Amino acid sequence: MTVALNQPTAVAGTRVMGLGAYRPELVIDNEQICQWIDSSDEWIQKRTGIKTRRRAPRDVSVVDMAEGAAREALEHAGISGDQLGGVILATVTHPYATPSAAADLAHRLGATPAAAFDISAACAGYCYGIGQADAMVRSGLSSYVLVVGVEKLSDFIDNHERTISFLLGDGAGAAIIGPAEAPGISPSILGSNGEKWEAVAMDSTLLNFRDALARARETQDATELLDAENRYWPTLRQDGPTVFRWAVWEMAKVAQQALDAAGITAEDLVAFVPHQANMRIIDEMVKQLKLPEHVMVGRDIVDAGNTSAASIPLAMHRLLKENPELSGGLALQIGFGAGLVYGAQVIRLP
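If you want the working numbering, it's the 1-based position in the sequence shown plus 814.
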């Protein structure tokens, strides 16, 4: 005799109900960056489009920023934390390998006992989170799911390193995903190319850092101790040309796949919100996708820099705040970065 199992009742559709953002108060302009690297404001703006980036002070954590963005998203969505059935936090800069930042955030928001977990997918993490939240709500597993993209990249950069450090900023963006009578989130296009795993990566491991400190303590050599701290604390590096070529030539194809999966064309969009990696990459993707002039493009990178997992929700939050008439329209979002990984989907703007 076969015993039937209960399954939750699926819902017709899902949608983004509300957005929130947290931007640290400390603004770092290009002149300050040029104190650390041999460059100029003109060169940085020409190559990246960045004028300023935000950095969080030492006493503001990844979870602090995530909480700020999450509370605004909850208010925008009109629900409370105890209604959440899931909390998904995308980050690569939480200083604890375990426990998750999501579990701490869920507790702060009064979401216990909601499912809570972190996603490590770098600049694509937010899109991965949206895909997971969409599936959780559509399947009936959760009524409402919070997705947060948050990074404190300033903890993991060497200011004197010039392949990536000058690009990066801190911040958090959040979205509430809930049920809808009609689909408001398209099928997600998610993928990876591990062959280029080292194109964006840390230059050391925490194990190397631990061992270097142990050697320095054994010799009680102050120079060795300083060398261990400077050389072995993991900081980010990138092979810029490799990442640029991959993003420019491959990610426009992924964006088109997302449009096709959604069953729409670029003409149907009101907004395009790509990961804020580099203004030249954004401009090239707009050109390759042949976006009509009426499609507004997120360009938050000018003032926020590259905030990895936080960049798409921050850019979308800003775009809606400055252009509220976009509400209810369709937006294409795509994230791509270390791994190398990518994710994209079309959403209806809240």
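For each residue, glycine too, the CB sits at the ideal point set by N, CA and C. Quick caveat: nothing in here was measured; it's all calculated off a predicted structure.
Kindly indicate which residue of the options has the alpha-carbon position closest to the one of residue i.
{"i": "Ser-854", "options": "Phe-980, Arg-1113, Gly-827", "result": "Phe-980"}
{"i": "Val-825", "options": "Val-1100, Gly-992, Ala-988", "result": "Gly-992"}
{"i": "Tyr-958", "options": "Thr-828, Gln-859, Leu-903", "result": "Thr-828"}
{"i": "Met-1093", "options": "Ile-893, Trp-1063, Gly-1119", "result": "Gly-1119"}
{"i": "Asp-1114", "options": "Ile-847, Glu-845, Ala-818, Lys-865", "result": "Lys-865"}
{"i": "Lys-860", "options": "Val-874, Asn-844, Arg-952, Gln-1147", "result": "Asn-844"}
{"i": "Glu-1064", "options": "Thr-1079, Lys-1135, Ala-996, Gly-1005", "result": "Gly-1005"}
{"i": "Ala-936", "options": "Gly-834, Ala-818, Met-1016", "result": "Met-1016"}
Excluding sequence positions up to five away, which residues of its chain have a Cβ less than 7 Å from the Cβ of residue i?
{"i": "Asp-896", "result": "Gly-924, Ala-925"}
{"i": "Ala-928", "result": "Leu-898, Gly-899, Gly-900, Val-901, Ala-920"}
{"i": "Cys-1010", "result": "The amino acid occupying residue 1010 in the given sequence is Lys; Cys does not appear at that position. Taken in chain order, the residues that qualify are Thr-1056, Trp-1060, Leu-1154."}
{"i": "Val-841", "result": "Thr-866, Arg-868"}
Leaving out five residues on either side along the sequence, give the residues of the same chain with a beta carbon under 6 Å from the beta carbon of residue i.
{"i": "Lys-966", "result": "Ala-870, Val-876, Thr-907, Asp-984"}
{"i": "Gly-832", "result": "Ala-887, His-890, Ala-891, Ile-990, Pro-1164"}
{"i": "Ile-1096", "result": "Pro-1088"}
{"i": "Trp-1047", "result": "Phe-1023"}
{"i": "Gln-1102", "result": "Ala-1066"}
{"i": "Gln-1090", "result": "Asp-1114, Ile-1115, Asn-1120, Ser-1125, Ala-1129"}
{"i": "Arg-922", "result": "Glu-881"}
Run the CB neighbour count on residue i, radius 10 Å, all protein chains shown included, and call it buried at 16 or more, exposed below.
{"i": "Thr-1019", "result": "exposed"}
{"i": "Ala-911", "result": "exposed"}
{"i": "Pro-838", "result": "buried"}
{"i": "Glu-881", "result": "buried"}
{"i": "Ser-956", "result": "buried"}
{"i": "Asp-918", "result": "buried"}
{"i": "Ala-938", "result": "buried"}
{"i": "His-974", "result": "exposed"}
{"i": "Gly-1008", "result": "exposed"}
{"i": "Leu-960", "result": "buried"}
{"i": "Met-815", "result": "exposed"}
Under 8 Å Cβ to Cβ from residue i, same chain only, skipping five residues before and after it: list those, please.
{"i": "Ile-971", "result": "Ile-978, Ser-979, Leu-982, Thr-1049, Leu-1050"}
{"i": "Asp-1003", "result": "Looking at the sequence itself, residue 1003 is Ile, so the reference to Asp does not match. Within the same chain, Ile-1003 has close Cβ partners Val-1068, Gln-1071, Ala-1072, Ala-1075, Tyr-1156, Gly-1157, Ala-1158, Gln-1159."}
Write down the C-beta distance between residue i and residue j rounded to the nearest angstrom, noting that I regard them as a contact closer than 8 Å.
{"i": "Gly-1149", "j": "Arg-1162", "result": "About 18 Å; that fails the 8 Å criterion."}
{"i": "Ala-947", "j": "Ala-1123", "result": "With a Cβ gap of about 14 Å, Ala-947 and Ala-1123 do not count as contacting."}
{"i": "Pro-814", "j": "Asp-969", "result": "Lying outside 815 to 1164, the shown extent of the chain, residue 814 is not represented and no answer is given."}
{"i": "Ala-883", "j": "Tyr-836", "result": "4 Å"}
How about residue i and residue j: are their beta carbons less than 7 Å apart?
{"i": "Gly-863", "j": "Pro-1127", "result": "no"}
{"i": "Val-1160", "j": "Ala-1069", "result": "no"}
{"i": "Pro-822", "j": "Gly-954", "result": "yes"}
{"i": "Gly-945", "j": "Ile-933", "result": "no"}
{"i": "Ile-851", "j": "Arg-1029", "result": "no"}
{"i": "Ala-915", "j": "Val-1014", "result": "no"}
{"i": "Leu-1083", "j": "Leu-1144", "result": "yes"}
{"i": "Phe-1086", "j": "Val-1109", "result": "yes"}
{"i": "Glu-1139", "j": "Pro-1106", "result": "no"}
{"i": "Leu-1133", "j": "Gly-1112", "result": "yes"}
Compute every distance between the C-beta of residue i and the non-hydrogen atoms of the ligand SAM, then say whether any falls below 6 Å.
{"i": "Gln-859", "result": "As presented, the structure is devoid of all ligands, the ligand SAM included, so that no description of it is given."}
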